[in-house]
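Shown next, in structure tokens, is the structure this report addresses.
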Amino acid sequence: MKNFVGIDLGTTNSAICSYDGSETRIWKSPEQNDVTPSAIYIDRRGNKYVGKRAYDSAPHSPDNSAMWFKRIMGTSTPVQFPAVNLIKTPEECSAEVLQVLFGYMPEEIRNDPDTGTVITVPSAFNQMQKDATMQAASMAGLGKVALMQEPVAAVMSVMRARNTDGMFLIYDLGGGTLDIAIAESIGGRINLHEHGGIAMCGGRDFDRVLVDNVVRPWLLENFDLPEDFSVNPGFKSLIRLANWATERAKIELSAREDAVISLSETEARVRDLSGNEIYLDIPLLRDTYDKLIAERVRQSIDSARETISKAQLTPHDLERIVFVGGPTNYKPLRDKVAFELGIPGSTDVNPMTAVAEGASLFAESIDWNSQNRSRKNTRGQISSGSGLVLSFNYIARTPGVKAQIAVQLAGQTASGSEFQIDSVDTGWTSGRLPLEHGVTMDVILTKAGDNTFKVFVFDSVGGGPITLEQNEIIITRTAATVDAIPASHSVGIEVLEKLGGRPVLDYLVRSGDALPKKGKKVFKAAESLKSGASGSLNLKLRQPDLGASLVFKAF
2 MKNFVGIDLG
12 TTNSAICSYD
22 GSETRIWKSP
32 EQNDVTPSAI
42 YIDRRGNKYV
52 GKRAYDSAPH
62 SPDNSAMWFK
72 RIMGTSTPVQ
82 FPAVNLIKTP
92 EECSAEVLQV
102 LFGYMPEEIR
112 NDPDTGTVIT
122 VPSAFNQMQK
132 DATMQAASMA
142 GLGKVALMQE
152 PVAAVMSVMR
162 ARNTDGMFLI
172 YDLGGGTLDI
182 AIAESIGGRI
192 NLHEHGGIAM
202 CGGRDFDRVL
212 VDNVVRPWLL
222 ENFDLPEDFS
232 VNPGFKSLIR
242 LANWATERAK
252 IELSAREDAV
262 ISLSETEARV
272 RDLSGNEIYL
282 DIPLLRDTYD
292 KLIAERVRQS
302 IDSARETISK
312 AQLTPHDLER
322 IVFVGGPTNY
332 KPLRDKVAFE
342 LGIPGSTDVN
352 PMTAVAEGAS
362 LFAESIDWNS
372 QNRSRKNTRG
382 QISSGSGLVL
392 SFNYIARTPG
402 VKAQIAVQLA
412 GQTASGSEFQ
422 IDSVDTGWTS
432 GRLPLEHGVT
442 MDVILTKAGD
452 NTFKVFVFDS
462 VGGGPITLEQ
472 NEIIITRTAA
482 TVDAIPASHS
492 VGIEVLEKLG
502 GRPVLDYLVR
512 SGDALPKKGK
522 KVFKAAESLK
532 SGASGSLNLK
542 LRQPDLGASL
552 VFKAF
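Numbering of the sequence shown is given in the numbering used here, commencing with residue 2 and proceeding in unit increments.
This is the structure we're talking about:
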């Protein structure tokens with residue numbers, strides 16, 4: 002049995018899910034949690050910890066730990082561990098998280114050469130950030146890997162939970178980014194019409210607002226601290242602990258009207274300038290929290306409105322909002338977004354694991370033997386291979402519960418020839434039917450995943466069976482089929498406006514174009530090239546919003 006893996010590599014938390022063609026499974030951490038903190042801690046003896054233990058240790062030992070490195074993927078910014086005199090790249094840190102997640106699964110899945118893994122990235126990720134993610138996967142030794150946008154993965158999970166027709170908006174608010182996507186489902190086939198979002202907007206930003214506006218003033222009022230203690234090296238651990246305590250209280254607000262940002266003297270282990278032991282005991286009401294994050298929430302709503310407008314739709318065209326990501330566990334936020342947009346909210350999926358689950362579902366649709374990780378062929382055909390020029394054509398992959406098989410027959414066949422199709426899974430049989438060109442038959446797909454049928458052909462003389470070289474039809478019932486994924490960034494090639502003129506960008510793909518996209522453009526060299534000469538033809542591919550050249554191995 003093949004297994005397909007989906008990984009949500011998040012800013013604050015990550016998750017892993019597998020799909021065997023029928024059922025999905027979230028693989029839990031050793032602490033039996035669905036998600037694992039994207040955190041690394043290295044102690045003074047060089048022992049490395051990733052996940053919950055690292056997350057809990059980080060506030061006490063900030064110089065031994067690293068978090069939120071997803072935000073600097075694809076940049077030259079180093080991740081430093083000063084206490085152990087170690088520097089890592091963001092890709093190396095992400096590889097550590099990926100390796101730990103992959104280790105949650107049984108060896109049968111990890112070591113299977115047929116296992117394919119899809120890692121999700123925000124829609125806002127540019128090519129350099131995507132390349133960095135692939136580099137992290139390679140460092141982690143994950144084998145066959147492909148990337149997909151987080152909102153697309155969320156859509157796959159939504160369709161598995163509720164496969165209904167209509168337009169809906171994905172509001173994916175994670176720890177570091179906001180992704181907005183508009184999807185349309187018709188008969189289980191999905192088209193993504195538009196996407197948007199904010200690159201630096203997430204739960205981490207909500208925590209920072211609370212620390213700056215609640216915790217910091219409270220500490221200055223109750224303890225003898227310098228005004229700049231937030232950036233004072235002597236109080237570095239205090240700030241990390243304050244963030245840690247604030248996040249705990251924020252999560253509690255998802256289930257309660259109030260919470261306390263608390264930190265005992267034993268946990269803090271810091272004294273103020275007068276020698277007093279510092280602690281935190283700050284009441285936090287939902288009303289206070291709502292006011293502090295109101296501006297960020299408003300920005301997210303504006304981003305959603307902009308995305309709806311770009312898709313040339315109105316809120317009335319959308320059936321529901323699907324909320325994904327940890328911060329959307331907070332009901333007042335969901336209610337605010339739904340009210341302001343005028344679209345009903347939905348909690349069809351687990352916001353913490355929907356992206357990983359959807360990625361595993363999408364992984365099943367990829368032809369992992371193809372070099373460019375293209376989709377599996379949606380059409381199938383079996384041929385007789387005998388003197389009879391006969392084939393059976395069918396849809397090999399469909400989200401529907403029915404599929405059609407058509408007879409294609411070249412030339413004439415003897416009157417009285419028949420065929421029969423049987424279900425290997427259920428024992429259902431079509432009975433014998435006349436073998437004629439153009440005859441079609443609907444078969445029922447009784448289960449998700451592969452449904453197997455056998456074909457029998459009988460001659461007109463005595464009704465005996467004709468041996469077929471291929472007699473098995475496998476039709477996969479998918480959770481959903483994504484027909485079109487919009488490009489998140491434009492890509493162009495630098496050309497000269499005219500011979501000797503200024504360089505301009507000729508777009509190959511524009512943001513919003515349906516992918517995959519094929520095309521042909523003809524360019525002329527601006528100078529003569531001769532065999533054996535030192536001249537060269539340089540192709541410069543650029544992403545305008547990135548402001549830098551892209552490096553593609555194909556060139």
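Glycine included, each C-beta is placed from N, C-alpha and C at the ideal position.
Distances from the CA of Glu-528 to each of Gln-33, Val-496 and Ala-260 were compared; the closest alpha carbon is that of Val-496.
The alpha carbon of Asp-9 has as its nearest neighbour, out of Asp-173, Arg-321, Asn-223 and Val-212, the alpha carbon of Asp-173. Non-local C-beta neighbours of Tyr-56 in its own chain, meaning closer than 6 Å and more than five positions away in sequence, comprise Pro-38 and Ala-40, ordered along the chain.
Here the alpha carbons of Trp-69 and Ser-62 stand approximately 16 Å from one another. Residues of the same chain with a CB within less than 8 Å of the CB of Leu-286, apart from the 5 flanking positions on each side, are Glu-258 and Asp-259 in chain order.
By the CB criterion at 8 Å, Asp-514 and Gly-493 fall outside the cutoff. Note that the C-beta distance between Ile-120 and Val-80 is not below 8 Å. The beta carbon of Asp-336 sits closer than 8 Å to the beta carbons of Gly-346 from its chain, once the five residues preceding and following it are set aside; these are given in chain order. Between Ile-367 and Arg-374, the gap from beta carbon to beta carbon is short of 8 Å. The Cβ-Cβ distance between Ala-357 and Cys-18 falls below 8 Å.
Only residues of its own chain outside the window of five on either side were considered, and among them Pro-504 and Val-505 have a CB closer than 8 Å to the CB of Glu-498, listed in chain order.
Fully enclosed beta strand (DSSP E) runs of no fewer than 3 residues occupy 380 to 384, 391 to 396, 403 to 410 and 419 to 424 of the region 379 to 439, in order along the chain. Arg-272 counts as exposed, since fewer than 16 other C-beta atoms from the protein chains shown sit within 10 angstroms of its C-beta. A check of alpha carbon separations from Ala-184 across Val-51, Gly-167, Ala-256 and Ala-59 identifies Gly-167 as the nearest. When the five nearest sequence neighbours on each side are left out, the beta carbons in the same chain lying within less than 6 Å of the beta carbon of Asn-4 are those of Ser-19, Asp-21, Ile-110 and Thr-116, in order along the chain. In the structure shown, Pro-284 adopts extended strand secondary structure according to DSSP, grouped into three states. No Cβ-Cβ contact shorter than 8 Å links Ile-240 with Val-261.
Lys-71 is positioned such that its CB atom lies closer than 8 Å to that of Thr-12. With a threshold of 16 other beta carbon atoms within 10 Å, Asn-86 falls short and is exposed.
Counting every other CB atom within 10 Å of its CB across the protein chains shown gives Glu-470 a total below 16, marking it as exposed. Rounded to whole angstroms, the separation of the alpha carbons of Ser-489 and Ser-416 is 57 Å.
Taking the CA atoms as reference points, Phe-230 sits about 47 Å from Ile-486. Taking a 10 Å sphere around the C-beta of Asn-112, we find fewer than 16 other C-beta atoms and assign the residue as exposed. Our two residues, Ala-84 and Arg-270, have alpha carbons roughly 18 Å apart in a direct line.
Separation of Ala-364 and Ala-481 (C-alpha to C-alpha, rounded to the nearest whole angstrom) is 12 Å. The beta carbons of Pro-218 and Asp-180 sit no closer together than 8 Å. Annotation for Ala-125: Thr-178, Asp-180, Gly-198, Ile-199, Ala-200 and Ser-489 place their beta carbon closer than 8 Å to its own, counting only its chain and skipping 5 residues before and after.
Counting the other CB atoms within 10 Å of its CB gives Asp-213 a total below 16, which places it among the exposed residues. Between Gly-432 and Gln-421, the beta carbon gap of about 6 Å places them in contact (Cβ cut-off 8 Å). Residue pairing from DSSP places Leu-170 in a beta bridge opposite Ile-183 and Ile-322.
When secondary structure is reduced to three states using DSSP, Arg-306 falls in the helix class. A Cβ-Cβ contact shorter than 8 Å links Glu-32 with Lys-53. Straight through space, the alpha carbons of Gly-520 and Leu-436 are spaced by roughly 42 Å. Nearest neighbour of Ile-476 by Cα position, chosen from Asp-443, Arg-190, Val-458 and Ala-137, turns out to be Asp-443.
Rounded to the nearest angstrom, the gap between the Cα atoms of Tyr-42 and Glu-97 is 11 Å.
If you check the CB distance, Glu-278 and Glu-268 do not come in under 8 Å.
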